[in-house]
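In the numbering used here, the protein residues as written are 271 to 444.
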């Protein structure tokens, strides 16, 4: 995917900070739209100043392009631009992060009741299924990445996205 395609997705570089979905140690994720149907996408921009950026990009590209599971956010494309840096384009998953659903709800705010234990149990099962899927494919991923430590980014609440009825999706693999 060309950088111009990412830019034509409606994200002005100066306005990126207004569409931030999340930030990680090496990256920032923005929301955009692409194509004639204005399909929502998540654009992950890696920190081009970081010396480990190229290595992390290659690792994540190999891993994310290898995974195909309902509990993993699908990689749609990527971009390597000499001036702007390295980007991943993922399917946009609405619903916010698991962290928001577990900790972002405030007392006294309408519609902000804590998640019932039955839902938390289903959340734990969904995360376990995603981890099991990725762990089962570890040997394939190791051979592609050329490393025994090519897997598992932060498995935190911000890396797990809730979709519709808390159908969890795991993203960010380094």
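Even glycine gets a Cβ: it sits at the ideal position worked out from N, Cα and C. Owing to the predicted nature of the structure, the values given are computational and were not obtained by experimental measurement.
Option nearest residue i by Cα separation, candidates the options
i: residue 304; options: 321, 339, 362 and 334; result: 362
i: residue 397; options: 295, 339 and 355; result: 339
i: residue 292; options: 366, 404 and 388; result: 366
i: residue 314; options: 395, 372, 370 and 354; result: 354
i: residue 327; options: 306, 308, 307 and 351; result: 351
i: residue 360; options: 372, 370, 344 and 295; result: 344
i: residue 347; options: 389, 290 and 312; result: 312
As assigned by DSSP and simplified to three states, the class of residue i
i: residue 292; result: strand
i: residue 325; result: helix
Pairwise C-alpha distance: residue j and residue i
i: residue 406; j: residue 400; result: 10 Å
i: residue 402; j: residue 393; result: 14 Å
i: residue 368; j: residue 385; result: 11 Å
i: residue 342; j: residue 320; result: 26 Å
i: residue 404; j: residue 387; result: 26 Å
i: residue 334; j: residue 349; result: 14 Å
i: residue 391; j: residue 302; result: 32 Å
i: residue 364; j: residue 310; result: 9 Å
i: residue 295; j: residue 316; result: 9 Å
i: residue 297; j: residue 307; result: 27 Å
Beta-carbon separation (whole angstroms), residue i vs residue j, contact threshold 8 Å
i: residue 356; j: residue 325; result: Incorrect: roughly 11 Å between the Cβ atoms, too far for contact.
i: residue 330; j: residue 358; result: 7 Å
Exercise. Only counting runs of 4 or more residues, tell me where the alpha helix (DSSP H) segments fall wholly within the region 332-406, in order along the chain.
Key: 368-373 and 387-406
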